[in-house]
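**Q** Residue numbering for the sequence shown follows our numbering, beginning at 1078 and increasing consecutively.
Note that CB positions come from ideal geometry on N, CA and C, so glycine has one too.
Provided herewith is a single structure, encoded as structure tokens, for subsequent inquiry.
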Amino acid sequence: MTTVDELASRTHEAFARVRSDLEELVRIPSVSSPAFDQAHVRASAEAVAALLRDAGMPQVDVLDVELADGGRGRPAVVAHRPGPDGAPTVLLYAHHDVQPPGDASGWTTDPFEPTQRGERLYGRGAADDKAGIMAHVGALRVLGDELGVGVTVFVEGEEEIGSPTFTPFLRAYRDRLEADVIVVADSSNWRVGVPALTTSLRGLVDCEVEVRVLGHAVHSGMFGGPVLDAVTLMSRLVATLHDENGDVAVAGLVSREQADVDYPEDAFRADASVVDGYRLAGTGPLAARMWTKPAISVIGLDATSVAHASNTVAPVCRAKLSMRIAPGQDPAEAERLLHDHLMAHAPFGAQVSVAPGERGQAFDATEDTEEMRAARWAFAQAWGADPVDIGVGGSIPFIAELQEVFPGAKILVTGVEDPDSRAHSEDESVHLGELEKVVLAEALLLARLAGRV
1078 MTTVDELASR THEAFARVRS DLEELVRIPS VSSPAFDQAH VRASAEAVAA LLRDAGMPQV
1138 DVLDVELADG GRGRPAVVAH RPGPDGAPTV LLYAHHDVQP PGDASGWTTD PFEPTQRGER
1198 LYGRGAADDK AGIMAHVGAL RVLGDELGVG VTVFVEGEEE IGSPTFTPFL RAYRDRLEAD
1258 VIVVADSSNW RVGVPALTTS LRGLVDCEVE VRVLGHAVHS GMFGGPVLDA VTLMSRLVAT
1318 LHDENGDVAV AGLVSREQAD VDYPEDAFRA DASVVDGYRL AGTGPLAARM WTKPAISVIG
1378 LDATSVAHAS NTVAPVCRAK LSMRIAPGQD PAEAERLLHD HLMAHAPFGA QVSVAPGERG
1438 QAFDATEDTE EMRAARWAFA QAWGADPVDI GVGGSIPFIA ELQEVFPGAK ILVTGVEDPD
1498 SRAHSEDESV HLGELEKVVL AEALLLARLA GRV
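Next comes the structure, spelled out in structure tokens:
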């Protein structure tokens, strides 16, 4: 048996190295989007494999699966260390690929050169999700030979592009990945100083919609008036997706009003950097608007730029829509309802076409399991504060795939991020003090599951 204080002391001693290794991972621009050099994704996988070998994992491999077109999926890392006879096996998940850096002018410093300002370390992937990798590595180092459970580490390389080969990968390497407990370190805590266990996630449906009014562009002076340009028509179509309160107006979608956590409006405005004077959209508790009700955003628009504008009526406009769906919503049904709405609201009879995109299941952990109680205990010990159960408005669709392939496994969704992390945005960062607590909490969780603390 060990004590909480002993593990806390070991974590503190090990943390300088955890931070240094995180910085080295951030320096690898492992953007999995096909527009970027995929050699960096391979280099990132090899770096993660080296860290896991150093952390005492005796079997470590960089693996992928073959695609239907003969190509290969992005490289993932799978490591395993068996536990004592009769001990449970815990699968620790994270991902080593990152989002593109985005607009360089939005970064205070180079996105791939980790930089500390105050208590935060800035850099692309510093929070999402290379900090998750280091949470696993750090916990393994802290426990060493006192692990007490079997551990498999699965670090994916294509989460940021929708995990396209996730299910084939699970099925190809099922025997190596099967576990009693799965810890997904890719979510968020409530705020700095308050840990959280994620018990629900919204699902995802996206699509591309095209509005066409002309066979080709025409002179706006000669023909403008009777013919509205396609950008205006797209604007009118998109405007039908929300009612006057800002609630999603697509009929038939699942929507739940209840939320177990109060999210004060002033805190939300600060966390989301809402500009002064903006009236928040939607009705019901703020937490429900983010976690248990649908949301639709326009995330892309193909239209003539201001710099290239000419006096013509635009014949066509394309938009990409992202719809977050509530727990309990079937993604295929939500997709049908969205497409039906768009086709039924074609403005002025313009030609509307819809191309389906990604679909992802929501996650709803309604059962209060022994493993969840162990996680909450570990959080309380590491932070010295009671954890909260939260929902998250974002999606981790592969969790549903984990549930399908491993129906007997208990899934825990934990986090390294906080509301200031700006995951996917410029100036992404991780709070270093919180990261140390995350490492300690995971070590405590593993020790608890082993019955050693």
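Would you kindly work out how many angstroms separate the C-alpha atoms of GLN1438 and ARG1251, rounded to a whole number?
**A** Counting from one through the sequence shown, the residue named residue 1438 turns up at place 361. Counting from one through the sequence shown, the residue named residue 1251 turns up at place 174. Using only the alpha carbons, I get a separation of about 21 Å.
**Q** What separation, rounded to the nearest whole angstrom, lies between the Cα atoms of ALA1145 and ALA1432?
**A** On the sequence shown, position 68 is the one that residue 1145 refers to. On the sequence shown, position 355 is the one that residue 1432 refers to. If you draw a straight line from the Cα of ALA1145 to the Cα of ALA1432, it is about 22 Å long.
**Q** If we call anything under 9 Å between Cβ atoms a contact, is LYS1487 one with ILE1210?
**A** Taking the sequence shown and counting its residues from 1, one reaches residue 1487 at position 410. Taking the sequence shown and counting its residues from 1, one reaches residue 1210 at position 133. Going by C-beta atoms, LYS1487 is not nearer than 9 Å to ILE1210.
**Q** What residues are listed by DSSP as bridge partners for THR1166?
**A** Numbered from 1 along the sequence shown, position 89 holds the residue referred to as residue 1166. The partner list for THR1166 (beta bridge, DSSP) reads GLY1227.
**Q** Could you check what DSSP says for ARG1356 in three-state terms: helix, strand or coil?
**A** In the sequence shown, the residue the question calls residue 1356 occupies position 279. If DSSP states are grouped into helix, strand and coil, ARG1356 belongs with coil.
**Q** Tell me whether the region 1362–1376 and the region 1481–1496 touch, counting them as touching only if at least three CB pairs, one residue from each stretch, are closer than 8 Å.
**A** no
**Q** By how many angstroms is the C-alpha of LEU1217 removed from the C-alpha of VAL1530?
**A** Translated into the one-based positions of the sequence shown, residue 1530 becomes position 453. Translated into the one-based positions of the sequence shown, residue 1217 becomes position 140. Those two C-alpha atoms are separated by around 15 Å.
**Q** Between GLU1233, ALA1396, ILE1467, which has its C-alpha nearest ASP1339's C-alpha?
**A** Mapped onto the sequence shown, residue 1339 falls at position 262. Answer by Cα proximity: ILE1467.
**Q** Please go through the same chain and pick out, in chain order, the residues whose beta-carbon is closer than 6 Å to the beta-carbon of PHE1092, but skip the five residues on each side of it.
**A** Within the sequence shown, numbered from 1, the residue matching residue 1092 stands at position 15. Excluding residues within five positions, the ones whose Cβ falls inside 6 Å are GLU1513.
**Q** Based on the DSSP output, what are the partners of GLU1233 in its beta bridges?
**A** Looking up residue 1233 in the sequence shown gives position 156. For GLU1233, which the question treats as bridged, DSSP gives the partners HIS1172.
**Q** Counting pairs of beta carbons, one from the region 1465–1482 and one from the region 1502–1512, are three or more of them closer than 8 Å?
**A** no
**Q** Tell me the DSSP bridge mates of TYR1199?
**A** Locating residue 1199 in the sequence shown gives position 122, where the first residue counts as 1. Partner(s): THR1192, SER1506.
**Q** Nearest-angstrom Cα distance between ARG1453 and ALA1477?
**A** Here the question's residue 1453 lines up with position 376 in the sequence shown. Here the question's residue 1477 lines up with position 400 in the sequence shown. Rounded to the nearest angstrom, the two C-alpha atoms are 22 Å apart.
**Q** So what's ILE1373 in DSSP terms, helix, strand or just coil?
**A** Taking the sequence shown and counting its residues from 1, the one referred to as residue 1373 is at position 296. Residue state, collapsed to three classes: strand.
**Q** Going by CA-CA distance only, name the one from ALA1156, ASP1205, LEU1522 that's closest to PRO1106.
**A** Counting from one through the sequence shown, the residue named residue 1106 turns up at place 29. Out of ALA1156, ASP1205, LEU1522, ASP1205 has the C-alpha closest to the C-alpha of PRO1106.
**Q** Check VAL1154 in the structure and name its three-state DSSP category.
**A** Translated into positions along the sequence shown, residue 1154 becomes position 77. It is a strand residue.
**Q** So, helix, strand or coil for ASP1407, using DSSP?
**A** Within the sequence shown, residue 1407 is the residue found at index 330, counting from 1. Per DSSP, reduced to three states, the secondary structure at ASP1407 is coil, with no helix or strand assignment.
**Q** On the DSSP bridge list, what partners appear for GLU1481?
**A** Translated into positions along the sequence shown, residue 1481 becomes position 404. None, per the DSSP bridge assignment.
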